[in-house]
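A.B. asks: Got a structure for you, questions after.
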Amino acid sequence: MPARRWLRFSTTGLAQAWPWLLLLTALAVLRLSKGALLSDAYALLSRPFWPGTAQSEWLRSARRFEDRARIAALESENARLRGLVGLQQATPARITAPVIARDPAGWWQTLLLGRGALQGVREGSAVLAPGGLIGLVSSVTPTTARVTLLTDPSSRVGVWVARTRYHGLLTGLGTDRPVIRFLEKDPGVVAGDVITTSPASTLVPPDLPVGVIQSVDLRADPAPEAVLQLAARAASTDWVQVVVR
Amino acid sequence: MASVLLVPCLTLAAPGFLRLAGVGPAWAVLWLLPWALVDGPVSGMVAGAAAGLLLDALHPAGVSQWPALLLLGFWWGRMGRRGPPIERSFSLGLLAMLGSLLLDLSLMLQWLLASLQVRADGLISPGGIDAFRLAQPGWQAADLAQAGLHVLLARVLLTGLLAPVLCSLQLVFWRQLCGGSLRR
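Quick look at the structure:
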């Protein structure tokens, strides 16, 4: 009879212990799934207490502060190094000038500025708008200055591709998008490359952003050329900065 | 005659809504047409040359607008004296369109001649990329055929559209000012 008693005991034991066995099985599943349900439940419950956007704002402002400090440090170091090498200074004085008449399309693509020779503007001064270079001063009167835009067919400015260090000539065509004509047969540029003024230029201050390459035509005649999307929009700019040397 | 000063003022300060794809109308043509029609060929020539010289002063050197405007002034002056008086809006619009077309064609011709001159000079160095030729500023033949054509069409269209309104008003004004001394 002991076997029958054991059987009775075990069946009654199982009947009493099944909730515990179920719990153990559930815990084993939890363990094997590396806490999937537990973490998800915790995330769901704690969602109202998650860090808000304020923290990302703090991070972003801290990042901006850091960037500004780094730019200032790099600019001063760049100026010191350029001084040592004897190159033109990257940060000369700038005059803010209002645009008093504009002709962004047509036979002459020009702007007329409300500052002239009396304020120190000279022929050939570089003119900047938010975004980068938009043109060079082509003539000055005592109180006005005429800017020939980069899109004007008479505009020729030396630029370079900072990534590959190839020089080219930025040439206006009378349309919104000027082209760069390279002096090498294979300039190795691709769409998306950023164009800045040449660091070796004597006409314009070095390393001013000009635009982004949109498309490249290596088989163009007489030189490989790339279409440029200008970074600054002259048609909608009311105030510009004239670089005074 | 002092009203000729309006031409450079309007060229400089034309509002954005009077532009087509950024190109403004030929204000010199819009001012010269009624003036020459009322005042005769000699006065038209002088006025055309004056407006042309004023506009040339506003633009970088190289090409000039006064020869075309002088010829237009003479043509329209003769037309006003010889034929029946021109008053219909359609005729004014057509004449202004023709005038703007001739003015712009004269500019294109000057740039084309200048670029051909450079091209002939630039052929001296064969082989490789001719940096001298690349650096030549100004409208080249290919630019004139593309962007230049757009500018020309926009200017001709806009001038032709504005002429019926503006030139009619000016015609009435000049004729009243002349006190009917000119034959109608």
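Protein chains in written order, with the working numbering: chain A, 2 to 246; chain B, 1431 to 1614. Ideal Cβ placement from N, Cα and C applies to all residues, glycine included.
For the segment 25-58 of chain A, list every residue whose C-beta sits within 8 angstroms of some C-beta in chain B, in sequence order.
C.D. replies: Going along the segment 25-58 of chain A in chain order, one finds no residue with a Cβ nearer than 8 angstroms to chain B.
A.B. asks: Select from A:Gly125, A:Ile214 and A:Val158 the residue whose C-alpha is nearest the C-alpha of Arg164 (chain A).
C.D. replies: Arg164 (chain A) has its Cα closest to that of A:Ile214, out of A:Gly125, A:Ile214 and A:Val158.
A.B. asks: Hey, could you find the ends of the alpha helix (DSSP H) Gln1606 (chain B) is sitting in?
C.D. replies: Segment Leu1579 to Leu1607, the alpha helix (DSSP H) holding Gln1606 (chain B).
A.B. asks: Using a Cβ-Cβ cut-off of 8 angstroms, state whether Val1453 (chain B) counts as contacting chain A.
C.D. replies: Judged by the 8 angstroms Cβ criterion, Val1453 (chain B) is in contact with chain A.
A.B. asks: Using the Cβ count rule (16 or more neighbours within 10 Å means buried), how would you classify Ala16 (chain A)?
C.D. replies: Classification for Ala16 (chain A): exposed.
A.B. asks: Report yes if the CB atom of Val243 (chain A) is closer than 8 angstroms to the CB atom of Leu114 (chain A), and no otherwise.
C.D. replies: The answer is yes: Cβ separation under 8 angstroms.
A.B. asks: Comparing alpha-carbon positions, which option in A:Thr111, A:Gly193, A:Thr197 and A:Ala44 lies nearest Thr238 (chain A)?
C.D. replies: Measuring from the Cα of Thr238 (chain A), the nearest candidate turns out to be A:Thr111.
A.B. asks: Going by DSSP, what residue range makes up the beta strand (DSSP E) through Ile214 (chain A)?
C.D. replies: Taken as a continuous stretch (DSSP letters only), the beta strand (DSSP E) holding Ile214 (chain A) covers Pro210 to Asp218.
A.B. asks: Between the alpha carbons of Leu197 (chain A) and Met1527 (chain B), how many angstroms are there, rounded?
C.D. replies: Rather than Leu, the amino acid found at residue 197 (chain A) in this sequence is Thr. Going by the C-alpha atoms only, they are around 42 angstroms apart.
A.B. asks: Is the distance from the Cβ of Ala98 (chain A) to the Cβ of Val241 (chain A) below 8 angstroms?
C.D. replies: Yes. Within cutoff.
A.B. asks: Consult DSSP for Glu185 (chain A) and reduce its assignment to one of helix, strand or coil.
C.D. replies: Three-state DSSP puts Glu185 (chain A) in coil, outside helix and strand.
A.B. asks: Are there three or more Cβ pairs, one per stretch, closer than 8 angstroms when the segment 1449-1463 of chain B is compared with the segment 120-131 of chain A?
C.D. replies: Judged by Cβ distances under 8 angstroms, the segment 1449-1463 of chain B makes no contact with the segment 120-131 of chain A, as fewer than three pairs qualify.
A.B. asks: So which residues of chain B does Gly107 (chain A) contact, with C-beta pairs closer than 9 angstroms?
C.D. replies: Ordered by position in chain B, the residues that pass the 9 angstroms Cβ test against Gly107 (chain A) are Arg1449, Gly1452, Val1453, Gly1454, Val1581, Ala1584 and Arg1585.
A.B. asks: Which residue from B:Cys1608, B:Ser1494, B:Leu1607 and B:Leu1601 puts its Cα closest to that of Leu1462 (chain B)?
C.D. replies: Closest option to Leu1462 (chain B), Cα to Cα, is B:Leu1601.
A.B. asks: Ordered along the chain, which non-local residues of its own chain (more than five positions away) have a Cβ less than 7 angstroms from that of Trp1541 (chain B)?
C.D. replies: Cβ neighbours of Trp1541 (chain B) beyond the five flanking positions: Val1493, Gly1568, Trp1569 and Leu1574.
A.B. asks: What residues in its chain sit with their C-beta under 7 angstroms from that of Val217 (chain A), if we drop five residues either side in the sequence?
C.D. replies: So the list reads Val190, Val191, Ala192 and Ala227, once near-sequence residues are dropped.
A.B. asks: Report the neighbours of Pro1490 (chain B) on chain A: residues whose CB is nearer than 9 angstroms to its CB, in chain order.
C.D. replies: Simply Trp109, Thr111, Ser139, Ser140, Arg147, Thr149, Asp153 and Ser155.
A.B. asks: So Leu85 (chain A) contacts chain B; which residues on that side make the cut at Cβ distance below 9 angstroms?
C.D. replies: Under the 9 angstroms cutoff, chain B gives no residues; its nearest Cβ is about 31 angstroms from Leu85 (chain A).
A.B. asks: For chain A, find out if any of its Cβ atoms is closer than 8 angstroms to the Cβ of Asp1469 (chain B); answer yes or no.
C.D. replies: No, because no Cβ of chain A sits closer than 8 angstroms to the Cβ of Asp1469 (chain B).
A.B. asks: I need the boundaries of the alpha helix (DSSP H) containing Arg64 (chain A), first residue and last residue.
C.D. replies: It spans Thr54 to Val86 - the alpha helix (DSSP H) in which Arg64 (chain A) sits, taken as one unbroken run.
A.B. asks: Does the segment 140-159 of chain A come within contact of the segment 198-205 of chain A, defined as at least 3 CB pairs closer than 8 angstroms?
C.D. replies: The segment 140-159 of chain A vs the segment 198-205 of chain A: in contact.
A.B. asks: Which chain B residues are close to Thr197 (chain A), counting only those with a beta carbon under 7 angstroms from its beta carbon?
C.D. replies: Per Cβ cutoff of 7 angstroms: no residues; Thr197 (chain A) is ~20 angstroms from chain B at best.
A.B. asks: Gly212 (chain A) to Gln230 (chain A), Cα distance in whole Å?
C.D. replies: Cα to Cα, the separation comes out at about 5 angstroms.
A.B. asks: When you compare the CB of Leu174 (chain A) with every CB in chain B, is at least one pair closer than 8 angstroms?
C.D. replies: Chain B, which has a Cβ nearer than 8 angstroms to the Cβ of Leu174 (chain A), makes this yes.
A.B. asks: What is the C-beta distance between Gly133 (chain A) and Ala233 (chain A), in whole angstroms, given that I count them as a contact (C-beta under 8 angstroms)?
C.D. replies: Contact flag correct, Cβ pair sits at about 5 angstroms.
A.B. asks: For the candidate residues B:Asp1469, B:Leu1460, B:Cys1439 and B:Leu1583, whose alpha-carbon lies nearest to that of Gln1606 (chain B)?
C.D. replies: It is B:Asp1469 whose Cα lies nearest to the Cα of Gln1606 (chain B).
A.B. asks: Look at the alpha carbon of Ala1479 (chain B) and the alpha carbon of Phe183 (chain A), and state the distance between them as a whole number of angstroms.
C.D. replies: C-alpha separation (whole angstroms): 42 angstroms.
A.B. asks: Mind listing which residues of the segment 231-242 of chain A have their C-beta closer than 8 angstroms to chain B's C-betas, in chain order?
C.D. replies: Going along the segment 231-242 of chain A in chain order, one finds Ala236 with a Cβ nearer than 8 angstroms to chain B.
A.B. asks: Should Ala235 (chain A) and Ile96 (chain A) be called a contact, given that it needs their Cβ atoms to be closer than 8 angstroms?
C.D. replies: No.
A.B. asks: Of all the CB atoms in chain A, is at least one closer than 8 angstroms to the CB of Asp1486 (chain B)?
C.D. replies: Taking Cβ atoms only, chain A never reaches closer than 8 angstroms to Asp1486 (chain B), which makes this a no.
A.B. asks: Where does the unbroken beta strand (DSSP E) through Pro1 (chain A) begin, and where does it stop?
C.D. replies: No answer is possible for residue 1 (chain A): it lies beyond the span of chain A, which begins at 2 and ends at 246.
A.B. asks: Kindly indicate if chain B contains any beta-carbon less than 8 angstroms away from that of Ala98 (chain A).
C.D. replies: So no, Ala98 (chain A) is outside the interface.
A.B. asks: Would the beta-carbon of Gly1385 (chain B) fall within 8 angstroms of that of Ala1458 (chain B)?
C.D. replies: For chain B, the structure presents residues 1431 to 1614; residue 1385 (chain B) sits outside this window and is missing.
A.B. asks: Counting only beta-carbon separations shorter than 8 angstroms, does Ala127 (chain A) have a partner in chain B?
C.D. replies: No, its Cβ sits nowhere closer than 8 angstroms to a Cβ of chain B.
A.B. asks: Using only CA atoms, which one of B:Phe1447, B:Ser1536, B:Val1434 and B:His1489 lies nearest to Leu1460 (chain B)?
C.D. replies: With distances taken between Cα atoms, Leu1460 (chain B) lies closest to B:Val1434.
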